[in-house]
Amino acid sequence: MKQSMMLIPTLREVPSDAEIKSHQLLLRAGFIRQNTSGVYSYLPLAKKVLQKIEQIVREEMEQAGAVELLMPALQQAELWQESGRWYTYGSELMRLKDRHEREFALGATHEEVITSLVKDEIKSYKRLPLALYQIQTKFRDEKRPRFGLLRGREFIMKDAYSFHASQESLDEMYDKMYQAYSNVFARCGLDFRAVIADSGAMGGKDTHEFMVLSEVGEDTIAYSNESTYAANIEMAPVLATYEKSDEAVVKMEKVETVDIKSIEEVSTFLNVSKTKCLKSLLFKVDDKYVLVVLRGDHEVNDIKLKNYFEASSVELATADETKEVLKCSIGSLGPIGMKSDKVEIIADQAVEFIVNGVAGANEENYHFTGVNPGRDFSVNEYIDLRFIQEGDASPDGKGTIVFAKGIEVGHVFKLGTRYSESMNATYLDANGRMQPMIMGCYGIGVSRTLAAVAEQFNDENGLLWPANLSPFDAHVIPINAKKGDQKELADRIYTLLKENKYSALYDDRDERPGVKFADSDLIGLPVRITIGKKANEGIVELKIRKTGETLEVHFENLIETISTFVVK
Ligand code: 9G3
9 MKQSMMLIPT LREVPSDAEI KSHQLLLRAG FIRQNTSGVY SYLPLAKKVL
59 QKIEQIVREE MEQAGAVELL MPALQQAELW QESGRWYTYG SELMRLKDRH
109 EREFALGATH EEVITSLVKD EIKSYKRLPL ALYQIQTKFR DEKRPRFGLL
159 RGREFIMKDA YSFHASQESL DEMYDKMYQA YSNVFARCGL DFRAVIADSG
209 AMGGKDTHEF MVLSEVGEDT IAYSNESTYA ANIEMAPVLA TYEKSDEAVV
259 KMEKVETVDI KSIEEVSTFL NVSKTKCLKS LLFKVDDKYV LVVLRGDHEV
309 NDIKLKNYFE ASSVELATAD ETKEVLKCSI GSLGPIGMKS DKVEIIADQA
359 VEFIVNGVAG ANEENYHFTG VNPGRDFSVN EYIDLRFIQE GDASPDGKGT
409 IVFAKGIEVG HVFKLGTRYS ESMNATYLDA NGRMQPMIMG CYGIGVSRTL
459 AAVAEQFNDE NGLLWPANLS PFDAHVIPIN AKKGDQKELA DRIYTLLKEN
509 KYSALYDDRD ERPGVKFADS DLIGLPVRIT IGKKANEGIV ELKIRKTGET
559 LEVHFENLIE TISTFVVK
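First residue of the sequence shown: 9, per the working numbering; consecutive thereafter.
Okay, here's the thing in structure tokens:
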């Protein structure tokens with residue numbers, strides 16, 4: 009492809025609003041342009057990389073037994089009302105009206121559409137299992153779009169859905185998809201981990217996220233330093249390996265603690281370790297209040313809290329709500345002597361092991377010391393409520409937990425009958441009884457994967473595409489595109505490459521060499537072939553983008569030499 013015909017608007021300067029490497033480089037190398045917040049155009053070079061990623065995805069989906077279709081992005085509200093999600097999703101779901109004032113959603117995902125389609129067409133167990141996928145634009149009105157393609161409001165997703173007559177059949181498909189995802193991300197050269205995840209609003213229990221390890225990732229992974237255990241910290245369970253101290257139990261006393269509110273202040277003022285402080289937080293769980301008690305050095309995991317109560321909303325009570333319900337300020341809360349009998353108390357399992365602890369007295373400027381669970385207060389239940397921390401024992405009992413940041417590029421779910429029941433997608437089983445289909449769903453962020461590859465593969469001069477994802481295999485650059493022998497040899501090389509199934513970007517622009525080389529380094533094709541002074545001897549310079557290595561090669565040996573560097 010002649011570069012003078014392409015649209016590759018490279019930038020010398022780093023765009024100020026781009027904070028991370030991949031966003032900066034995809035802009036500077038002329039791969040993407042922002043239309044508006046969270047909405048991008050994929051320019052020709054990015055479109056080519058998308059096609060290569062999609063090709064890998066299609067091959068792996070076919071291998072897993074899924075068939076491609078394409079569903080509409082425009083989804084009638086009735087479908088989302090049937091599943092109930094029209095009412096549970098807020099402004100993140102983009103909605104619009106047609107000329108008849110009928111309501112629609114712009115597809116954020118396609119469980120409703122696919123379930124409605126399959127329920128109309130599949131009536132017998134004989135037609136199951138069935139696995140369908142699409143590669144389609146999704147719309148989600150993110151509150152804070154950021155990091156370029158990593159968190160956009162319009163993005164490209166491969167989403168697959170499977171339908172089964174038995175749990176075993178779903179388990180089988182899930183494992184195939186799990187393997188397919190591992191293959192996709194391995195073939196993209198990404199350093200990824202499959203982590204146990206939280207199914208959140210999706211219902212169902214088994215779910216794994218595929219995370220690319222990266223400092224700019226928004227998710228935190230808890231993984232073991234001695235086994236393959238890895239989980240999103242949102243759901244990582246905490247092993248109760250606590251021990252009760254054998255110190256003598258003392259009597260509880262009320263002490264004056266004027267203006268002592270935070271755990272830090274209490275710990276310092278009363279000279280007790282934070283591990284002996286009881287942190288009490290009032291939460292609004294759906295429409296009731298719950299006092300959550302934790303050890304002072306732990307943090308409440310609101311996802312675990314939400315899952316424990318199977319609630320749709322969990323919010324920390326405001327200072328005013330706290331005062332209104334418990335008649336004292338947030339810094340004086342405790343499980344003893346609460347001034348409300350409507351508030352349930354639950355505690356993290358670590359609290360049970362506290363001896364002679366300190367807690368708020370539910371009275372302004374007072375705390376209790378010598379607090380002992382069981383003797384001085386009881387709770388409805390001790391449960392695993394805290395975020396796992398680095399150094400905790402790994403939940404599988406092997407080694408200890410280390411944290412890493414990750415970019416979620418894939419997510420696989422066992423949905424069960426969450427959608428088939430709410431939308432009445434049933435089939436006739438072998439005994440002639442109507443049953444709800446058992447479902448799975450599986451997503452890959454295709455445009456996010458492109459950004460994750462750019463984030464992982466770059467250097468100070470620009471992008472560094474893995475050979476199998478690169479927009480072109482080689483960059484052919486005649487120093488002087490107008491000059492006879494250089495242009496003639498460059499044309500011959502371009503043809504030779506094409507004959508040998510190598511795609512090439514031919515820089516035929518009338519630009520200074522420095523500009524051509526800087527652009528070439530930014531764009532990041534695996535090899536650059538420079539045709540210069542030695543053109544009349546048939547000798548060119550080959551530069552390997554990844555290592556910076558350059559070597560002189562005669563035209564006769566060009567293909568053989570390139571084949572050792574461009575391994576697709
Ligand atoms: C929405 C909006 C945002 C959403 C969803 C729905 C995330 C939503 C979860 C999924 C689950 C799976 C199929 C492919 C794999 C992931 N954000 N999810 O359902 F309306 Cl605004 O998308 N869907």
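Glycine residues also receive a C-beta, built at the ideal position from the N, C-alpha and C atoms.
Computed from a predicted model, the values in this text were never measured in an experiment.
- Cα atoms of S321 and R103: separation of roughly 22 angstroms, rounded to the nearest angstrom.
- Counting every other CB atom within 10 Å of its CB across the protein chains shown gives E332 a total below 16, marking it as exposed.
- By the neighbour-count criterion, in which 16 or more other beta carbons inside 10 Å mark a residue as buried, D516 falls on the buried side.
- Counting along the chain, P486 sits inside the beta strand (DSSP E) bounded by residues A482 to P486.
- According to the DSSP secondary-structure assignment, G382 is paired through a beta bridge with no residue.
- Taking 8 angstroms as the upper bound for CB-CB distance, G378 and E261 are in contact here, some 6 angstroms apart.
- The beta-bridge partner set that DSSP reports for P17 is empty.
- For A238, the enclosing beta strand (DSSP E) has its first and last residue at A238 to N240.
- Distances between the C-beta of G160 and the heavy atoms of the ligand 9G3 are all 8 angstroms or more.
- Sixteen is the threshold: when 16 or more other Cβ atoms of the shown chains lie within 10 Å of the Cβ of Y133, as they do, the residue is buried.
- According to the DSSP assignment, V575 belongs to no alpha helix (DSSP H), since it is labelled neither H nor E.
- Judged by DSSP secondary structure, R41 falls within the beta strand (DSSP E) whose first and last residues are I40 to T44.
- In this structure, Y182 lies away from A202, with their beta-carbon atoms at least 9 angstroms apart.
- For Y510, the secondary structure class from DSSP, reduced to helix, strand or coil, is coil.
- The ligand 9G3 approaches G451 closely enough that one of its heavy atoms is under 8 angstroms from the residue's Cβ.
- Between the C-alpha atoms of L125 and L436 there is a straight-line separation of about 17 angstroms.
- A residue is called buried once 16 or more other Cβ atoms fall within 10 Å of its Cβ, and V121 is buried on that count.
- Linking G546 to L19 through their CA atoms gives a straight-line distance of about 33 angstroms.
- The residue from G38, V574, S478 and K491 with its alpha-carbon nearest to that of C196 is S478.
- Note that the C-beta distance between G342 and V301 is below 9 angstroms.
- Judged by DSSP in its simplified three-state form, D167 adopts strand.
- Out of P486, L550, E496 and L530, the CA that lies nearest to the CA of P521 is found in P486.
- Just measuring C-alpha positions, the residue of T236, K284 and L278 sitting nearest E251 is K284.
- The beta carbons of V417 and L138 sit no closer together than 9 angstroms.
- Three or more pairs of CB atoms, one per stretch, sit closer than 8 angstroms, so the stretch 229 to 240 contacts the stretch 395 to 410.
- Taking C-beta atoms as the reference points, M9 and F480 count as a pair closer than 9 angstroms.
- Between the beta-carbon of L157 and that of I40 there is about 7 angstroms, and that keeps the pair under the 8 angstroms contact cut.
- Beta-bridge analysis with DSSP links S232 to I409.
- Not one heavy atom of the ligand 9G3 lies closer than 8 angstroms to the C-beta of D206.
- For the pair L178 and I452, the CB atoms are not nearer than the 9 angstroms cut-off.
- Relative to the ligand 9G3, A116 has its C-beta within less than 8 angstroms of a heavy atom.
- The three-state secondary structure of F421, taken from DSSP, is strand.
- Here V420 is near C449, since their CB atoms are less than 9 angstroms apart.
- By the Cβ-count criterion, E242 is buried, with 16 or more other Cβ atoms from all chains shown falling within 10 Å of its own Cβ.
- Taking a contact as a CB-CB distance under 8 angstroms, the pair V192 and L140 does not count as one, their CB atoms being some 18 angstroms apart.
- Not a single heavy atom of the ligand 9G3 lies less than 8 angstroms from the C-beta of H216.
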